[in-house]
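Read through the structure below, which is laid out as C-alpha cells, and then see the notes.
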Amino acid sequence: MRESLKEFLEIIESCDQPTTFHRAMLENLFLLYSKGWKQMGLTETEKETLINAILDQFSKLK
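The number in the numbering used here is simply the position in the sequence shown, starting from 1, with 56 added.
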C-alpha cells in the first residue's frame, strides 16, 4: 500500500471514540472510496482496506 494511504489509514483508525461529528465524515469517506476508488487510482485491495477501516469506525459510534 502506498505510504500516503498508510498514513491516512492510521488517522482513520486512531480515533478510539468517534462522535456523531465523525459520522458525517465517515459517511462521506465511505461514499468517496466505495464509488470513486478507480478514479483515484486505488487498487481493489487498497479500497477494501480503507472501507473496512471506515466500517470499523462506524461500529464504534454510540
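We put the CB at the ideal spot given by N, CA and C, even for glycine. A quick note: this is a predicted structure, and the numbers were derived from the prediction, not measured.
Checklist line | Of the residues Ser90, His78, Phe64, the one placed nearest Ile107, counting alpha carbons only | finding: Here the question's residue 107 lines up with position 51 in the sequence shown. Comparing Cα-Cα distances from Ile107 to each of Ser90, His78, Phe64, the minimum goes to Ser90.
Margin query: Rounding to the nearest angstrom, what Cα-Cα distance links Leu82 and Asp112 in this structure?
Written below: Start at 1 with the first residue of the sequence shown, and residue 82 comes out as number 26. Start at 1 with the first residue of the sequence shown, and residue 112 comes out as number 56. Rounded to the nearest angstrom, the gap between the Cα atoms of Leu82 and Asp112 is 10 Å.
Item checked: Helix, strand or coil at Leu65 according to DSSP, with G and I counted as helix -> One-based indexing of the sequence shown puts residue 65 at position 9. Correct three-state label for Leu65: helix.
Notebook entry, point to check: Ile110: buried (16+ other C-beta within 10 angstroms of its C-beta) or exposed?
Noted result: Locating residue 110 in the sequence shown gives position 54, counting from the first residue. Buried, because 16 or more other Cβ atoms sit within 10 Å of the Cβ of Ile110.
Item checked: Simplified DSSP state of Gln73, which is helix, strand or coil -> The residue given as residue 73 occupies position 17 in the sequence shown. Gln73 sits in coil when the DSSP states are folded into three classes, being neither helix nor strand.
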